[in-house]
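Visitor:
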Amino acid sequence: MSVFLDTRGQPSLAIAICDRCRRKFPIDQLMPDGNSPGLRVCKVDNDVYDPWRLPARAPDDISLRYPRPDTPLAVDGE
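Residue numbers (my numbering): 1187 to 1264.
1) Which residues in the same chain as residue 1231 place their Cβ atom closer than 7 angstroms to its Cβ, once the five residues preceding and following it in sequence are excluded?
2) Using the rule of at least 16 other Cβ atoms within 10 Å of the residue's Cβ for burial, across every protein chain shown, is residue 1216 buried or exposed?
3) Quick one: complete beta strand (DSSP E) runs, 3+ long, within the stretch 1226 to 1255?
4) May I have the straight-line CA-CA distance separating residue 1235 from residue 1244, to the nearest angstrom?
5) Indicate, with yes or no, if the ligand HEM has a heavy atom lying under 7 angstroms from the CB of residue 1239.
6) Can you check whether the CB of residue 1202 is closer than 8 angstroms to the CB of residue 1190?
7) Cβ of residue 1218 within 8 angstroms of Cβ of residue 1209?
8) Going by C-alpha distance, which of 1239, 1237, 1214 is nearest residue 1228?
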């Protein structure tokens, strides 16, 4: 069954197909996908960035703030 979209009042009369769900939308409602920049997807199928593709977190600084010196603190005469 064909679905006809009303494009009156839209900035463009073009109709595009979502690359994920294969439904028809006005072309201004499709956006580039975050993980695959070549895909144009609708708002429902748009993914946030995949956490595995993000850069690794910086390691934590685990050094001591006031380390004890290696020399003995006691006086030799006592």
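Glycine is no exception: its CB is placed at the ideal position from the N, C-alpha and C atoms. Predicted model only: the values in this text are computed from it and were never measured.
Guide: A quick look at the data gives this:
1) Counted from its first residue, the sequence shown places residue 1231 at position 45. So the list reads 1204, 1206, 1207, once near-sequence residues are dropped.
2) Here residue 1216 refers to the residue found at position 30 when the sequence shown is read from its first residue. That one is buried.
3) List check, beta strand (DSSP E) in window: nothing returned.
4) Translated into the one-based positions of the sequence shown, residue 1235 becomes position 49. Translated into the one-based positions of the sequence shown, residue 1244 becomes position 58. In this structure, the alpha-carbon of residue 1235 lies about 19 angstroms from that of residue 1244.
5) The ligand HEM is absent from the structure shown, which contains no ligand whatsoever.
6) For the purposes of this step, residue 1190 is taken as residue 4 along the sequence shown, with counting starting at 1. For the purposes of this step, residue 1202 is taken as residue 16 along the sequence shown, with counting starting at 1. No.
7) The residue labelled residue 1218 in the question sits at position 32 within the sequence shown. The residue labelled residue 1209 in the question sits at position 23 within the sequence shown. In this structure, residue 1218 keeps its C-beta atom at 8 angstroms or more from the C-beta atom of residue 1209.
8) Translated into positions along the sequence shown, residue 1228 becomes position 42. The shortest Cα separation from residue 1228 among 1239, 1237, 1214 belongs to 1214.
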